[in-house]
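As structure tokens, the structure follows; a few thoughts come after it.
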Amino acid sequence: MPQNVLILGGGIIGLSCAFEAARRGYRVRLVEPGRLGGQASGAAAGMLAPYSENTEQPDEFFQLCLRSLRLFPEWIRDVEEASGLKADWVQSGSLNVFRHEADLLPAESRMRWHNAWGAKEELVTGAALRGLEPRLSSDAAFAVYSPEESHVYAPGLVAALETACGKMGIDLIDHAGEMLSMEIHSGGGASVFMANLPGALRADRLVICSGAWTGQFERWLGIAIPIHPIRGQICSYEGQLEELRHMVFSSQAYWVGKRIGRIVCGASEDVAGFDTSVTERGIERLLRASKQWFPMLAERETAHRWAGLRPATADGLPLIGPVRGNPAILMAAGHYRNGVLLSPATAKLTADMLDGLTGGQSASVFSPERFTLVPR
Ligand SMILES: Cc1cc2nc3c(=O)[nH]c(=O)nc-3n(C[C@H](O)[C@H](O)[C@H](O)COP(=O)(O)OP(=O)(O)OC[C@H]3O[C@@H](n4cnc5c(N)ncnc54)[C@H](O)[C@@H]3O)c2cc1C
Numbered sequence: 005m006p007q008n009v010l011i012l013g014g015g016i017i018g019l020s021c022a023f024e025a026a027r028r029g030y031r032v033r034l035v036e037p038g039r040l041g042g043q044a045s046g047a048a049a050g051m052l053a054p055y056s057e058n059t060e061q062p063d064e065f066f067q068l069c070l071r072s073l074r075l076f077p078e079w080i081r082d083v084e085e086a087s088g089l090k091a092d093w094v095q096s097g098s099l100n101v102f103r104h105e106a107d108l109l110p111a112e113s114r115m116r117w118h119n120a121w122g123a124k125e126e127l128v129t130g131a132a133l134r135g136l137e138p139r140l141s142s143d144a145a146f147a148v149y150s151p152e153e154s155h156v157y158a159p160g161l162v163a164a165l166e167t168a169c170g171k172m173g174i175d176l177i178d179h180a181g182e183m184l185s186m187e188i189h190s191g192g193g194a195s196v197f198m199a200n201l202p203g204a205l206r207a208d209r210l211v212i213c214s215g216a217w218t219g220q221f222e223r224w225l226g227i228a229i230p231i232h233p234i235r236g237q238i239c240s241y242e243g244q245l246e247e248l249r250h251m252v253f254s255s256q257a258y259w260v261g262k263r264i265g266r267i268v269c270g271a272s273e274d275v276a277g278f279d280t281s282v283t284e285r286g287i288e289r290l291l292r293a294s295k296q297w298f299p300m301l302a303e304r305e306t307a308h309r310w311a312g313l314r315p316a317t318a319d320g321l322p323l324i325g326p327v328r329g330n331p332a333i334l335m336a337a338g339h340y341r342n343g344v345l346l347s348p349a350t351a352k353l354t355a356d357m358l359d360g361l362t363g364g365q366s367a368s369v370f371s372p373e374r375f376t377l378v379p380r
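Each residue of the sequence shown is one higher than the last, beginning at 5 in my numbering.
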């Protein structure tokens, strides 16, 4: 078994892959151009919501999301034990709220297939709905209550993973500057050159976890990697967890109460290249929806506004698996709206592949080579 693994990218996917690979006995090093967790992973709302995020069909993507949600209890326990830090995992359940009776039929049909997968969802109206979420606007006609969905404080989970990785002896190299080049060695292994590091970083195996920036690898790997950034603008209000008991999703925005005394409200989806600035227009829609659904927020100023870049792929599915049939190079990127949710399942699938397992059905559905019809 090759022992040296180099992880490229210090977001939640890279840190999770590093953590899992180290637990399986690999000698792991991780390199990050900037700050660990400084991109999408630090910006995320931390919702673990496979049902709310998948309303159409129980495809392979939904199944990966669900598997990942069900890994969380053990995953959080292990990361918290290894780090000594809390990731603020809250088993809140969620409410998908609707104003119009016309939404009932689609909600019922999605509940039917969710429940076939064990969701235990139910429709709630009137006093039962107010009992679950007393501060919700009385305009809500009904909601789908999904008890299994939960959330973490994403910056907290990133910090816990970083500390756990450090304590396990993983070499975490941050502020390495941009990647200048990459060489794949014919005798096995690969090297990368980073602007702020002298010489090459060489390893037997490479795992590319560079989120929205993964398209840059096209030139070194010779495959098509259609990943692009989708900016998410998001804000928070001061507020206590008791004020918002569940994650609440509407067609315009979502709200999540955090133990740190914040109510997070997200998020826009706009195309702005690699620009992470926050615009009035991006936040305006969230403020309007907040007033409509939670009158208590109407008079509150936002406490914080920020943005991050979701790594979106051309078909909406992540890229997980070997590249050019070369088991020395693996990719784990393109998790778009669900990278926090998918972090444990991605880490385990990637480590299985490092161990030489095929990854089963997931390997073909999520193959990074699926966009490359003719090798270039
Ligand atoms: C506003 C917002 C809200 C979100 N809410 C949720 C949510 O509630 N639940 C959920 O599951 N997901 C959510 N997401 C999505 C989630 O944040 C992403 O899917 C996830 O963070 C992707 O993780 P990552 O590690 O792949 O990417 P990133 O965190 O972006 O990390 C990639 C890292 O790779 C580095 N990098 C770039 N090039 C190289 C290179 N050549 N070599 C080495 N490193 C490199 C970058 O600097 C970066 O730090 C949200 C995203 C946003 C923006």
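Built from N, CA and C at the ideal position, the CB exists for glycine as well.
In this structure, the alpha-carbon of E60 lies about 10 Å from that of H118. By a beta-carbon distance limit of 8 Å, L52 contacts S154. Their separation comes to about 5 Å. Straight across, the Cα-Cα distance linking F146 with I287 is about 26 Å. In the pairwise beta carbon analysis, the segment 203-218 is classified as touching the segment 306-317: at least three pairs are separated by under 8 Å. Looking at the DSSP output, M251 bridges to S98. Taking 7 Å as the cut-off, the C-beta of Y340 counts as close to a heavy atom of ligand 1.
Within the chosen limit of 7 Å, ligand 1 does not reach the beta carbon of P230 with any heavy atom. DSSP, reduced to helix, strand and coil, places Y30 outside both helices and strands of the structure shown, so it counts as coil. Proximity of the segment 292-307 to the segment 329-343 falls short of the contact definition, fewer than three beta-carbon pairs being nearer than 8 Å.
Distances from the alpha-carbon of G130 to those of M251, M186, V101, C239 put V101 closest. Here DSSP, grouped into helix, strand and coil, assigns S368 to helix. Distance between R309 and W224, taken at the CA atoms: about 37 Å. Residue state for D107 is assigned as helix, using DSSP reduced to three classes.
Taken in chain order, the complete beta strand (DSSP E) segments of 3 or more residues contained in the segment 229-291 are 231-242, 251-253, 258-262, 266-270.
Pairwise C-beta distances place the segment 259-276 in contact with the segment 38-50, as three or more of them are shorter than 8 Å. Straight through space, the alpha carbons of A194 and R206 are spaced by roughly 6 Å. For T362, the number of other beta carbons within 10 angstroms of its own is below 16, and it is reported as exposed. The beta carbon of P322 sits closer than 6 Å to the beta carbons of G338, H339, F370 from its chain, once the five residues preceding and following it are set aside; these are given in chain order. Secondary structure within the segment 105-185: the beta strand (DSSP E) runs of 3 or more consecutive residues, fully enclosed, are 126-129, 146-150, 175-177 (chain order).
Secondary structure note for T317: its beta strand (DSSP E) is the uninterrupted segment 308-317. R328 carries a coil assignment under DSSP once its states are collapsed to helix, strand and coil. Between A164 and L89, the CB-CB gap stays under 8 Å. For L73, the enclosing alpha helix (DSSP H) has its first and last residue at 64-87.
In the displayed model, R209 falls within a strand according to three-state DSSP. Secondary structure note for L358: its alpha helix (DSSP H) is the uninterrupted segment 347-358.
Across the set Q95, S150, Q7, the C-alpha of S150 shows the shortest separation from the C-alpha of R116.
Apart from sequence neighbours up to five positions away, no residue of its chain approaches S190 with a beta-carbon distance below 8 Å. In this structure, P202 is the residue among K262, P202, G192, I188 with its C-alpha nearest to the C-alpha of E182.
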